[in-house]
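J.:
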Amino acid sequence: MGTNGNGRRGGTKLPDVRRPMEEGDCIDMESPELDFVYDDCDTQANEIAELYSYTEHPEFQHNVKAFEEIMDEFNYPPSWQRLTNTQQRTVVMKLLEHLDVAVSEIRMRATRCILYLAQGCWAEMQSDAEQAHWARVNIMTLYDMGTFAAFVELLNLEIVRSSAAVASRKLAESLADSTNLRVILSVLYLITEHMRTEKENVDTEYAHLVKTFKEEIGSPFGEEMLPVKLLGMVTQLCAGTTPHFPMKKVLLLLWKILLVYLGGTKELKKRKARLREKYGLPPVTEDTLEIIKSMRSSSPPPSAADMLENQNPGQRKLKENERALRRQTFMKQTSLDESDEQIFVDKEETGNGSEDYSMEFQSMSSDNIQNANTNPNCPYYMYIKRFDSPPPPPPLPRSLPWRSKVRQKDIDMFLDNVRIKFVGYSLPGDRQTIAGLPQPIHEGIEILKKHMYTSLAEVQAEREFEIARSPLTRGEKDVEETEAEILYKAMLPNLPQYMIALLKILLAATPTSTAKTYSMNIMADVLPEEMPMTVLQSLKLGIDVNRHKEIIVKAVTAILLLLLKHFKLNHVYQFEFMSQHLVFANCMPLVLKFFNQNILSYIGAKNSIPIFDFPACVIGEQPELTKECLDIGDSSVPYSWRNVFSCINLLRILNKLTKWKNARIMMLVVFKSAPILKRTLKVRHALMQFYVLKLLKMQTKYLGRQWRKTNMKTISAIYSKVRHRLNDDWAFGNEVDARPWDFQDEECALRVSVDRFNQRRYSSVVDLDGDLTPVDTDINSVLDTIIDLDEEFKLNYELWLEQEVYNNEINWDVLLST
Amino acid sequence: MADGVQVLLRRNRPGSKTKDFCRWPDEPFEEMDSTLAVQQFIQQTIRRDPANLEAILKMPEAQDEGVWKYEHLRQFCMELNGLAVRLQSECKPETCTQMTATEQWIFLCAAHKTPKECPAIDYTRHTLDGAACLLNSNKYFPSRVSIKESSVAKLGSVCRRVYRIFSHAYFHHRAIFDSFEKETHLCKRFTYFVTKYSIISKEILILPKLDDETPITQPVGESEA
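Chains as they are written, first to last, in the UniProt record's numbering: chain A, 1 to 818; chain B, 1 to 225.
Here it is as structure tokens:
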């Protein structure tokens, strides 16, 4: 794949990919800290604006036209605001009636008209706010009247019709092929996106509709669930049979549907807390995202080219200072759950340390939480706040941001080792006996036990093991039908294909991938029928194409991460199944390839033209296309929200795939991820750096002494930012060579467990061993069994009866007594 | 049918004569204690006087509205089968090749995975089958005592489609429609039902008001409703 040479010799040798800013890299060290706040998605306005390509502009006018025509036909004034509520409902009802009509033009005119209503009747509106208000009201009315279900039916119809139409003529795909599909998907997306926002809104008057909506997308439309239908569309596109599918809209819709159906970060947190309680585990007290919000990014990034770093001791000093500052800002959250288990790395630590710092940070964290609460609507609030606040207090001793953790497995291993060493034999399975061990070891065990953390995954895997061992006595009772469970069941038959398809699309949309190499076309819903004539127009199209790709990347990464997180929580083997298939489909090199670009320029890319975004592009006076208007817009934000979001998603996915999986960590090493990841650290954003550091930490011990020597700053950053695990010798692991090839066995064992899990829970064939199937003793059911007898037997059965039954004496007593 | 002292079984035993069919005294709604009480009550009121729409559609107090609508729609679909049977003799796929009403708008049959243009009689059959499937579906309507909001929302589209059966019969097979309507008052009841609960707005109900036109053609049901 496109990974480049070993980073030890630095960036000078980077052979491939576009790195136009190569020279400028060192200057970028002064790049500003990003005030980006990670969330489930962007603001509603931005999310809606991203639905439309700039090339779709002319179509907005078709929508008004459809509306005006229809209103004229219905004998109403072409002004939505002037209609009474009942009249509006009547119009919607009539439009729905049109959707069932066989003539495609009538149907499509009605869908356009409905789209116009869902867009907030912008032609009548004076401002964005007004338009947003009407969009919300109309969408809720539309949903209430059953529009969503009707549009899903239409989607089914249009998928088949358009495919037939497109197959009949072979031309380059353009916007025109997907007009109908795009209108339908847009309406579905707008409804879903508004429902998502409404769900966040605690005191909404539409709560009942939101609830209905969630139920509706959870139940199949016709034969399949909507998310599965959409995943099917993605697979079809990748198979090349339906090149005209508007992929961006399909993916955005899929993402939002999953977000509403499965829930975002908040729901995950709640569900995790509930599950931990159910399994009798202590609640999680740390919330990764929250803790990191209060961290500062490592400033200046610890890596430009390695060479620069080494030649510049003064800089290093500066860095140390900064780091001291940063330490002061670490905070510990007390009451917040942790949403993402994926996080930790380690180091040894003295026993009472953790209590100390948790006390010290208490006061600060409560402040912080308050800040967050006072202004939940402003995503950047916390950051602004923090920069305003007076300089932090003098450095606290030993302040690490995370509680250290240790797994039961690690404790067992430790016990085993010390017993062998001091007593001379091992006691497998015994976790209590400490007789004969010296006092310091007792203390060590005490501390380990105090820091033990049991994850849900371990409990679930343990339970699965138990079921496999004694299926009848300890077998599983009814599985709770959670949303993730229902979705997993629906996705299971084709899950590998879905993963491959999503990754293929991600690959095609990755900036570093060369065009033309990939057979499928994700551009069908952006390229206009006629290519631009002027320079400005082609400039605009260029921006549009890049924006389109970025949005696709954003949607795919968000979908993958969301699925991984929910499956992980629901059952760890569901998660493992999905991640296995991601790994098989080469997800890891793909992500690395993605980061093997000039990440700073990707983060800072400005592939958008604010005045062409919806609704700005239709409300108020429209300027001519000039050079200036491409530049208008808020340049105040030095980064692209969606690109930072995608990068963080990808890093989190990579973390999820590799955590605790030695074989996959080896892949990180083999693909030479370290230099790529190090370059990513240049982005000054604490959360993003955190996930990169985690990825570096897990492979540090395989990178060798030389790497460690030249990257001490990165190692220090890992030390201070990433969770420590007791007894884990992550940085200087010496036993690397001891057992390097067990790793494939681990993978195989995991695969066996996962297959057994899927087989047991979801296989339609009851595959119990013959011995374990209960004998059918019910006379009715036995007599009811249909047994195929051949004709000859039927004719001569009396003979058989005579010979085999009547003349054959059976001594039943003997049967009983033996 | 009343056997014994108190026990009154409301059953049509095999071999019951037509005149004995369903001949049992009414039971007050409060005393019906089966899970099918609402259906039983609706059918009882219809038997008493199919023309008395108000009585039929007067919802008992403390009745869940979702269930009430559901049971009525169920009843409509069951009775509509009667119309479908009569239509079969006249409405052939060769003559009525498409589902149309007035405006020459052909309607798509939504019963298929991808909707298609079925002949009118097939549309009728498919729609009624589809409605029966949906209304008996364990997934959407697992209980007849309480119904999920999202399932109640599905009734609207069923109503719209079912109404087209009436309109096709009215505009293309008027004689059958009239004789059926005279016996059952089904279309009037349906119209009353969908307007009362604003499931379909008046503008879409394209059949002329049936009562008003009694003078033009033969009497369509007594206009006492």
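Even for Gly, the Cβ is constructed at its ideal location relative to N, Cα and C.
Quantities reported herein were computed from a predicted structural model and do not represent experimental measurements.
What number of angstroms, rounded off, separates the C-alpha of residue 540(A) from the C-alpha of residue 182(A)?
T.: Taking the first residue of the first sequence as 1, we reach residue 540(A) at position 540. Taking the first residue of the first sequence as 1, we reach residue 182(A) at position 182. Computed Cα separation, rounded: 21 Å.
J.: Report buried or exposed for residue 501(A), applying the criterion of at least 16 other Cβ atoms within 10 angstroms of its Cβ.
T.: Along the first sequence, read from residue 1 onward, the residue named residue 501(A) stands at position 501. By the 10 Å Cβ count, residue 501(A) comes out buried.
J.: Does DSSP put residue 64(A) in a helix, in a strand, or in coil?
T.: Here residue 64(A) refers to the residue found at position 64 of the first sequence. Reduced to three states, the DSSP call for residue 64(A) is helix.
J.: Going straight from the alpha carbon of residue 28(B) to that of residue 257(A), what length do you get?
T.: The residue you call residue 28(B) lines up with position 28 of the second sequence. The residue you call residue 257(A) lines up with position 257 of the first sequence. If you take the alpha carbons of residue 28(B) and residue 257(A), they lie about 47 Å apart.
J.: Looking only at its own chain, which residues have a Cβ that is under 8 Å from the Cβ of residue 789(A), when we skip the five neighbours before and after it?
T.: As a working note, residue 789(A) is residue 789 in the first sequence. So the list reads 797, once near-sequence residues are dropped.
J.: Alpha carbon to alpha carbon, how far is residue 614(A) from residue 48(A)?
T.: Residue numbering aside, residue 614(A) sits at position 614 when the first sequence is read from its first letter. Residue numbering aside, residue 48(A) sits at position 48 when the first sequence is read from its first letter. Distance between the alpha carbons of residue 614(A) and residue 48(A) is about 7 Å.
J.: Which residues of chain B have a Cβ atom closer than 7 Å to the Cβ of residue 102(A), listed in chain order?
T.: In the first sequence, the residue the question calls residue 102(A) occupies position 102. Those within 7 Å of residue 102(A) in chain B are 106, 107, 108 and 117.
J.: Here's the rule: buried if 16 or more other CB atoms are within 10 angstroms of the residue's CB, otherwise exposed. What is residue 216(A)?
T.: Counting from one through the first sequence, the residue named residue 216(A) turns up at place 216. It counts as buried.
J.: Let me check understanding here. Comparing Cα to Cα, which of 643(A), 612(A) and 487(A) lies closest to residue 571(A)?
T.: Residue 571(A) sits at position 571 when you count from the first residue of the first sequence. Ranking the options by Cα distance to residue 571(A), first place goes to 487(A).
J.: Strictly under 7 Å for the Cβ-Cβ distance: is residue 90(A) near chain B by that measure?
T.: Reading the first sequence from its first residue, position 90 is the one you call residue 90(A). True, the Cβ-Cβ gap to chain B drops below 7 Å.
J.: Roughly how far, in whole angstroms, is the beta-carbon of residue 588(A) from the beta-carbon of residue 654(A), given that I think they are within contact range, below 8 Å?
T.: Here the question's residue 588(A) lines up with position 588 in the first sequence. Here the question's residue 654(A) lines up with position 654 in the first sequence. 7 Å between Cβ atoms; contact.
J.: Write down the C-beta distance between residue 131(B) and residue 77(B) rounded to the nearest angstrom, noting that I regard them as a contact closer than 8 Å.
T.: Here residue 131(B) is taken as the residue at index 131 of the second sequence, counted from 1. Here residue 77(B) is taken as the residue at index 77 of the second sequence, counted from 1. About 5 Å; that satisfies the 8 Å criterion.
J.: Which residues bound the alpha helix (DSSP H) around residue 46(B)?
T.: Numbered from its first residue, the second sequence carries residue 46(B) at position 46. That run of the alpha helix (DSSP H) goes 37-48.
J.: Please list, in chain order, the residues of the region 397-415 of chain A that have any C-beta partner in chain B closer than 8 Å.
T.: none
J.: Does any residue of chain B bring its CB to less than 7 Å from the CB of residue 156(A)?
T.: Taking the first residue of the first sequence as position 1, residue 156(A) is located at position 156. At least one C-beta of chain B is nearer than 7 Å to the C-beta of residue 156(A).
J.: Closer than 9 Å by beta-carbon distance: list the chain B residues that pair up with residue 232(A), in chain order.
T.: The residue given as residue 232(A) occupies position 232 in the first sequence. None at all; the shortest Cβ gap to chain B is about 12 Å.
J.: Residue 648(A) and residue 712(A) - do their beta-carbons sit closer together than 7 Å?
T.: As a position in the first sequence, residue 712(A) is number 712, starting the count at 1. As a position in the first sequence, residue 648(A) is number 648, starting the count at 1. Not closer than 7 Å, so no.
J.: Secondary structure at residue 32(B), three-state DSSP: helix, strand or coil?
T.: Within the second sequence, residue 32(B) is the residue found at index 32, counting from 1. Of the three classes helix, strand and coil, the one that applies to residue 32(B) here is coil, per DSSP.
J.: For the region 184-210 of chain A, list every residue whose C-beta sits within 9 Å of some C-beta in chain B, in sequence order.
T.: 208 and 209
J.: Just to make sure I have the definition right: I need the residues of chain B whose C-beta is within less than 8 Å of the C-beta of residue 219(A). Which are they?
T.: Taking the first sequence and counting its residues from 1, the one referred to as residue 219(A) is at position 219. Those are 139, 140 and 150, listed as they occur along chain B.
J.: Determine the extent of the alpha helix (DSSP H) in which residue 673(A) is found, giving its start and end residues.
T.: Within the first sequence, numbered from 1, the residue matching residue 673(A) stands at position 673. From DSSP, the alpha helix (DSSP H) with residue 673(A) extends over 673-680.
J.: Should residue 66(B) be flagged as near chain A, meaning a C-beta pair shorter than 7 Å?
T.: Counting from 1 along the second sequence, the entry for residue 66(B) is found at position 66. For residue 66(B), the answer is no, since every Cβ of chain A falls outside 7 Å of its Cβ.
J.: Is it true that the CB of residue 120(B) sits closer than 7 Å to the CB of residue 91(B)?
T.: Indexing the second sequence from 1 puts residue 91(B) at position 91. Indexing the second sequence from 1 puts residue 120(B) at position 120. Yes, the Cβ-Cβ distance between residue 91(B) and residue 120(B) is below 7 Å.
J.: Please name the residue in 660(A), 600(A) and 651(A) whose C-alpha comes closest to that of residue 638(A).
T.: Translated into positions along the first sequence, residue 638(A) becomes position 638. Considering only alpha carbons, the answer is 600(A).
J.: Starting from residue 203(B), find everything on chain A with Cβ-Cβ shorter than 7 Å and list it in chain order.
T.: Residue 203(B) sits at position 203 when you count from the first residue of the second sequence. Ordered by position in chain A, the residues that pass the 7 Å Cβ test against residue 203(B) are 90 and 94.
J.: So residue 115(B) packs on residue 153(A), CB below 8 Å; how close in whole Å?
T.: Locating residue 115(B) in the second sequence gives position 115, counting from the first residue. Locating residue 153(A) in the first sequence gives position 153, counting from the first residue. Confirmed, Cβ separation roughly 7 Å.
J.: Output needed for residue 145(B): all residues of its chain with C-beta closer than 8 Å, excluding positions within five of it in sequence on either side, in chain order.
T.: Taking the second sequence and counting its residues from 1, the one referred to as residue 145(B) is at position 145. Excluding residues within five positions, the ones whose Cβ falls inside 8 Å are 35, 64 and 67.
J.: Does any residue of chain B have a CB that is nearer than 7 Å to the CB of residue 73(A)?
T.: Start at 1 with the first residue of the first sequence, and residue 73(A) comes out as number 73. Taking Cβ atoms only, chain B never reaches closer than 7 Å to residue 73(A), which makes this a no.
J.: Hey, does residue 130(B) have any beta-carbon neighbour from chain A nearer than 7 Å?
T.: Locating residue 130(B) in the second sequence gives position 130, counting from the first residue. Not an interface residue.
J.: If you run the structure through DSSP and keep just helix, strand and coil, what is residue 224(A)?
T.: Counting from 1 along the first sequence, the entry for residue 224(A) is found at position 224. Three-state DSSP puts residue 224(A) in a strand.
J.: Tell me, please, whether the CB atom of residue 160(A) is closer than 7 Å to any CB atom in chain B?
T.: Counting from 1 along the first sequence, the entry for residue 160(A) is found at position 160. Yes, residue 160(A) lies at the interface with chain B (some Cβ there is under 7 Å from its Cβ).
J.: From residue 249(A) to residue 645(A), what distance separates their C-alpha atoms?
T.: In the first sequence, the residue the question calls residue 249(A) occupies position 249. In the first sequence, the residue the question calls residue 645(A) occupies position 645. Spanning the two alpha carbons is a distance of roughly 18 Å.
J.: Determine the burial state of residue 141(B): buried for a count of at least 16 other Cβ atoms within 10 Å of its Cβ, exposed for fewer.
T.: Here residue 141(B) refers to the residue found at position 141 when the second sequence is read from its first residue. Buried: at least 16 other Cβ atoms inside 10 Å.
J.: Around the C-beta of residue 41(A), are 16 or more other C-beta atoms found within 10 angstroms, so that it is buried, or is it exposed?
T.: Residue 41(A) sits at position 41 when you count from the first residue of the first sequence. Buried: at least 16 other Cβ atoms inside 10 Å.
J.: Taking C-alpha atoms, which residue in 61(A), 503(A) and 582(A) lies nearest to residue 618(A)?
T.: For the purposes of this step, residue 618(A) is identified with residue 618 of the first sequence, where counting begins at 1. Among 61(A), 503(A) and 582(A), the Cα nearest to that of residue 618(A) belongs to 61(A).
J.: Is it right to say residue 86(A) is buried, meaning 16 or more other beta carbons lie within 10 angstroms of its own, or is it exposed?
T.: Translated into positions along the first sequence, residue 86(A) becomes position 86. Counting of Cβ neighbours within 10 angstroms places residue 86(A) among the exposed residues, the total staying below 16.
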